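Engineer: In our numbering, the protein residues as written are 1 to 204.
Ideal Cβ positions, reconstructed from N, Cα and C, are used throughout, including at glycine.
On a predicted model such as this, the values are computed, not experimentally measured, just so you know.
Structure below; questions to follow.
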């Protein structure tokens, strides 16, 4: 029973850190602003950086807030497939926030009980093992991100709506695949930092 509780508690802590890393990354607009300039996107698609960022803000607001039911980017028309894909992404965003809240509470009480009973040391070895997960994932990103990107979409989407055509969904030209690679890297970097922090905390 003790092993089960420890496993569930560690799983909750891991999911909390992961969902927090995802939430931070998807709302870290400076990363996108940097990539827009770095990849010369305004010059490539003929739209100013300010307009691109404004449309991106509209997209992120749609994905973040359940009460925004329609996506209308004034400078980037969308096809039915494109809108459907963004609707699926919105569902994943909201699921991430739900997991963040639930596992946040579970992790708080789990660690509080461990600390109260003086048994934080039981997490030293498991967290040491968990630390290797982001390292492996980052290694896979640098080895073959294209395949990882495809596998990710095949895992979370049971259709090919994510395969945008720039002629019907020009927003894809403002969202290069390398930007998503940077997002993946940031997620796993934050995850690694969070797991390291949990490991250090467990050694107190």
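#1: Can you tell me the Cα-Cα spacing of residue 65 and residue 96, whole angstroms?
#2: Would you tell me roughly how many angstroms separate the C-alpha atoms of residue 141 and residue 33, rounded to the nearest one?
#3: Which residue's Cα is closest to the Cα of residue 192: 135, 115 and 165?
#4: Given that a residue counts as buried once 16 or more other Cβ atoms are within 10 Å of its Cβ, and exposed if not, what is residue 80?
#5: Report yes or no: do the stretch 97-105 and the stretch 8-19 share at least 3 C-beta pairs separated by less than 8 angstroms?
#6: Note down the Cα distance separating residue 188 from residue 138, rounded to an integer number of angstroms.
#7: On the three-state DSSP scale, how would you describe residue 158?
#8: Give the secondary structure of residue 169 by DSSP, where H, G and I count as helix, E and B as strand, and everything else as coil.
#9: Can you have a look at residue 203 and say buried or exposed, based on whether 16 or more other CB atoms are within 10 angstroms of its CB?
#10: Could you give the distance in angstroms between the alpha-carbon of residue 162 and the alpha-carbon of residue 118?
Structural biologist: Straight from the coordinates:
#1: Looking at the two C-alpha atoms, the distance is approximately 12 angstroms.
#2: Our two residues, residue 141 and residue 33, have alpha carbons roughly 22 angstroms apart in a direct line.
#3: If we check each option's Cα against that of residue 192, 135 comes out closest.
#4: Burial call: exposed.
#5: At 8 angstroms Cβ cutoff, the stretches touch.
#6: Spanning the two alpha carbons is a distance of roughly 7 angstroms.
#7: Annotated three-state conformation of residue 158 is coil, per DSSP.
#8: If DSSP states are grouped into helix, strand and coil, residue 169 belongs with coil.
#9: Label assigned to residue 203: exposed.
#10: Taking the straight line joining both Cα atoms gives about 49 angstroms.
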